[in-house]
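> One structure, as structure tokens, below. Some questions next.
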Amino acid sequence: MKRRLAMAFALAMSLPTCVHAQMRESETLIVLDLSNACADETSALLLTSEVRVRLPEAVVIRESAGFDGADWSVAWRTLEEDACGLALRGPDAGVQLALAANAPPEQIRQAASRVAWLVSVQASGEADADALDDPLALDASLLGTPQPQAEPEPQAEPEPGAEDEIVAEAMAEPDSELDSEPQAEQAPAFRVSLVPGISFPASADSEQISTFSLNLLGGRSLGLSGVEFGLLFNAESGFVEGVQFAVGANLVSGDVSGAQLSFGLNLAQASLNGVQLGSVNLAGGVVRGAQIGFFNVGKDVAGLQIALINVARTSAVPVGLVNFLYGEPVYLTTWFTQSGLLVAGIRHGGRYLRYIYALGASPFATNALMAAGVGVGAHLPLDPIYIDLDVLGFQLAGVGENFLEQATLNQVRVTIGWQIARHFAVFGGVALSALAPRGLAGAQELVPSYGQRLFENEADPQIWLWPELHLGLSF
510 MKRRLAMAFA
520 LAMSLPTCVH
530 AQMRESETLI
540 VLDLSNACAD
550 ETSALLLTSE
560 VRVRLPEAVV
570 IRESAGFDGA
580 DWSVAWRTLE
590 EDACGLALRG
600 PDAGVQLALA
610 ANAPPEQIRQ
620 AASRVAWLVS
630 VQASGEADAD
640 ALDDPLALDA
650 SLLGTPQPQA
660 EPEPQAEPEP
670 GAEDEIVAEA
680 MAEPDSELDS
690 EPQAEQAPAF
700 RVSLVPGISF
710 PASADSEQIS
720 TFSLNLLGGR
730 SLGLSGVEFG
740 LLFNAESGFV
750 EGVQFAVGAN
760 LVSGDVSGAQ
770 LSFGLNLAQA
780 SLNGVQLGSV
790 NLAGGVVRGA
800 QIGFFNVGKD
810 VAGLQIALIN
820 VARTSAVPVG
830 LVNFLYGEPV
840 YLTTWFTQSG
850 LLVAGIRHGG
860 RYLRYIYALG
870 ASPFATNALM
880 AAGVGVGAHL
890 PLDPIYIDLD
900 VLGFQLAGVG
910 ENFLEQATLN
920 QVRVTIGWQI
930 ARHFAVFGGV
940 ALSALAPRGL
950 AGAQELVPSY
960 GQRLFENEAD
970 PQIWLWPELH
980 LGLSF
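Mind the numbering: the sequence shown is residues 510 to 984 in my numbering, read in order.
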């Protein structure tokens with residue numbers, strides 16, 4: 510029951526199997542295969558969260574059956590001699606690191622640091638080949654404790670039977686260092702907190718993984734795997750797999766898989782797999798799902814953003830009054846319509862939704878007109894071909910004395926384009942145009958001979974409707 514509510518939100522908003530297709534080429538894909546024999550759900554969640562925090566530029570996913578196209582695979586499973594450990598497989602090397610089954614949190618964090626170090630040095634090309642091939646050398650370098658190379662001392666030959674006794678004693682001796690490490694506490698069925706540090710049942714917030722939590726003012730824990738309610742704030746230093754409700758803020762230092770719902774702030778410092786619904790929504794990593802509010806900030810959004818202001822490096826479907834996508838290109842575009850309107854403008858937006866801002870004129874009309882328009886369109890990339898479905902609205906005005914006389918031109922158009930080069934494309938298509946002249950001199954010249962007037966009664970406003978072709982260039 511712990512994960513049902515969490516996964517319902519996450520699966521409803523995203524498809525993890527599409528991660529590789531949506532990922533930018535510059536990112537590293539790391540797949541974690543966490544065996545139940547070596548890692549329970551608490552340990553698996555902690556390792557996943559810690560790796561993501563240490564490698565914010567990478568895309569880290571869990572997949573028990575493997576994943577095609579992964580740059581790195583990290584498996585916590587049974588290795589040699591029935592001992593659990595981490596088996597890492599990268600582009601140029603494969604190594605193994607010792608990590609006991611359901612290891613203490615501190616050892617899991619150390620293992621995550623080792624994984625991050627290996628991925629980073631491989632990416633920078635600074636890895637030592639001998640270290641990558643020798644697990645012991647790798648382990649020492651990751652711990653930051655250089656091992657001096659000393660001449661081996663001569664050892665006396667063991668007496669017959671002594672070797673077997675030594676092995677038996679070593680296997681029987683408990684690992685006092687591992688036993689002394691603090692274990693992450695499994696939360697009771699219900700937990701109530703007044704403020705961080707004051708809770709019932711009493712527990713250490715830094716090692717608490719909550720299942721169901723009620724924070725009267727505010728609460729803090731290592732992670733959430735369930736449902737949490739808070740008046741002022743809910744805070745997790747690790748991860749969330751579930752649903753957070755707060756009047757004030759939901760604050761998570763790691764990944765969120767599920768939903769964050771509040772009237773104020775929702776923060777996921779790492780990746781978001783699910784939905785954020787609040788006034789301000791912030792995600793420091795990849796977003797697979799939706800952000801809905803007044804102000805949204807994400808990194809690479811493979812989903813939906815709805816707000817007055819959306820900020821992201823890339824966003825698939827940004828719906829907002831202002832969309833600042835600093836990783837997406839801005840296209841200069843110009844086109845000419847069959848009715849004689851010459852238009853130039855810019856086109857900007859996400860992978861599947863884009864916005865158009867344009868200025869135009871009718872240079873060949875007897876009474877010249879000026880036009881200013883905005884539009885929004887769906888974009889379907891079929892490289893090198895693309896298809897656009899746009900809705901445009903223009904305000905037309907006369908030149909000189911006729912400037913105060915204005916008309917309205919609206920268009921719905923379908924465009925097919927060919928991306929010849931990265932910054933050059935040609936396009937053309939058909940549009941359905943609707944013109945309300947409103948007495949503007951020269952506006953009637955835009956209507957072709959086959960145009961149809963919707964209302965024949967002279968008392969009704971004139972609205973003309975006609976199809977037309979357009980042809981243009983994009984840079």
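C-beta: ideal position from N, C-alpha, C; glycine also.
Since we're looking at a predicted model, the values are computed, not measured.
Considering only DSSP beta bridges, list what Leu918 is partnered with.
Bridge partners of Leu918: Phe903 and Leu944.
> Taking 8 Å as the cut-off, does the region 763 to 773 touch the region 782 to 793 (at least 3 CB pairs, one atom from each stretch)?
Output reads yes: the region 763 to 773 touches the region 782 to 793.
> Going by C-alpha to C-alpha distance, which of Ala867, Gly926 and Val839 sits closest to His857?
Ranking Ala867, Gly926 and Val839 by Cα distance to His857 puts Val839 first.
> So, Ala792 versus Val562, is the Cβ gap smaller than 9 Å?
No.
> Taking three-plus beta-carbon pairs below 8 Å as touching, is the region 538 to 554 in contact with the region 605 to 613?
Contact holds: three or more Cβ-Cβ distances are below 8 Å.
> If you run the structure through DSSP and keep just helix, strand and coil, what is Asp837?
One point to set straight first is that residue 837 is Glu, not Asp, in the sequence displayed. Reduced to three states, the DSSP call for Glu837 is coil.
> Have a look at the DSSP bridge pairing and note the partners of Thr924.
DSSP lists Asp897 and Gly938 as partners of Thr924.
> Would you list, in sequence order, the uninterrupted beta strand (DSSP E) runs of no fewer than 3 residues that lie entirely inside the region 571 to 636?
Those beta strand (DSSP E) runs which fall completely within the region 571 to 636 and span 3+ residues are 581 to 587, 593 to 598 and 603 to 607.
> Figure out for me which residue from Ala811, Ser702 and Val935 has the closest Cα to the Cα of Trp927.
Residue Val935 is the option with its Cα nearest to Trp927.
> Sorted by chain position, which residues of the same chain lie with C-beta nearer than 6 Å to Ser985's C-beta, five sequence neighbours on each side aside?
Residue 985 lies beyond the residue range present for the chain, which begins at 510 and ends at 984; the question has no answer from this structure.
> Whole-angstrom Cβ separation of Val701 and Ala621, contact assumed at under 8 Å?
Val701 to Ala621, Cβ: 31 Å. No contact.
> Please state whether DSSP places Leu982 in a helix, a strand or coil.
DSSP places Leu982 in strand when its eight states are reduced to three.
> Label Tyr864 either buried or exposed according to how many other C-beta atoms from any shown protein chain fall within 10 Å of its C-beta, with 16 as the threshold for buried.
Looking at its Cβ environment, which holds 16 or more other Cβ atoms inside 10 Å, Tyr864 is buried.
> Which residue from Pro893, Val796, Thr843 and Leu980 puts its Cα closest to that of Val568?
For the residues Pro893, Val796, Thr843 and Leu980, the minimum Cα distance to Val568 belongs to Val796.
> DSSP three-state label for Ala880, please.
Correct three-state label for Ala880: strand.
> Would you say the region 815 to 835 touches the region 845 to 852, given that touching needs at least three Cβ pairs under 8 Å?
Cβ pair count under 8 Å is below three, so no.
> Need the endpoints of the alpha helix (DSSP H) that Arg561 sits in, please.
Segment Glu550 to Arg563, the alpha helix (DSSP H) holding Arg561.
> Pick out whichever of Phe933, Pro970 and Leu941 has its Cα sitting closest to the Cα of Gly948.
Of Phe933, Pro970 and Leu941, the residue nearest in Cα terms is Pro970.
> CA-CA distance, His979 and Asn724?
For His979 and Asn724, the distance between alpha carbons rounds to 60 Å.
> Let me know if Ser633 comes out buried or exposed under the rule of 16 or more other beta-carbons within 10 Å of its beta-carbon.
With fewer than 16 other Cβ atoms within 10 Å, it is exposed.
> Based on the DSSP output, what are the partners of Ser766 in its beta bridges?
Its beta-bridge partners are Glu750 and Asn782.
> Where are the alpha helix (DSSP H) runs, 4 residues long or more, that stay fully inside the region 772 to 822, in chain order?
Qualifying alpha helix (DSSP H) stretches: none in this window.
> How many Å lie between Pro710 and Gly739 at the Cα?
If you take the alpha carbons of Pro710 and Gly739, they lie about 17 Å apart.
> Which whole-angstrom value describes the C-beta separation of Gly882 and Phe903, a residue pair presumed to lie in contact below a C-beta threshold of 8 Å?
That belief holds up - the Cβ atoms of Gly882 and Phe903 are roughly 4 Å apart, short of 8 Å.
> Which stretch, first to last residue, makes up the beta strand (DSSP E) that contains Tyr864?
Tyr864 -> beta strand (DSSP E) spans Leu862 to Ala870.
> Is Leu733 helix, strand or coil when you go by DSSP?
It is a strand residue.
> What number of angstroms, rounded off, separates the C-alpha of Ser552 from the C-alpha of Leu564?
Their backbone Cα atoms lie some 18 Å apart in a straight line.
> Between Gln814 and Asp591, what straight-line distance do the alpha-carbon atoms span, to the nearest angstrom?
Cα to Cα, the separation comes out at about 48 Å.
> Would you mind stating whether Gly812 and Val826 have Cβ atoms separated by less than 9 Å?
Closer than 9 Å, so yes.
> Going by beta-carbon coordinates alone, are Gly836 and Ala821 separated by less than 9 Å?
A contact, by the Cβ cut-off of 9 Å.
> Let me confirm a value: Leu703 is counted as buried when at least 16 other C-beta atoms fall within 10 Å, else exposed. Which label applies?
By the 10 Å Cβ count, Leu703 comes out exposed.
> Count the other CB atoms, across all protein chains shown, that sit within 10 Å of the CB of Ala930; report buried if there are 16 or more and exposed otherwise.
Its Cβ having fewer than 16 others within 10 Å, Ala930 is exposed.
> Going by DSSP in three states, Gln847 sits in which element: helix, strand or coil?
Correct three-state label for Gln847: coil.
> Can you list, in chain order, the residues of its chain with a C-beta nearer than 8 Å to that of Phe803? Leave out the 5 residues immediately preceding and following it.
These residues qualify, in order along the chain: Ser788, Val789, Ala816, Leu817 and Ile818.
> Quick check on Leu889: buried or exposed, where buried means 16 or more other Cβ atoms within 10 Å of its Cβ?
It counts as exposed.
> Determine the burial state of Arg729: buried for a count of at least 16 other Cβ atoms within 10 Å of its Cβ, exposed for fewer.
Buried, since its Cβ has 16 or more Cβ neighbours within 10 Å.
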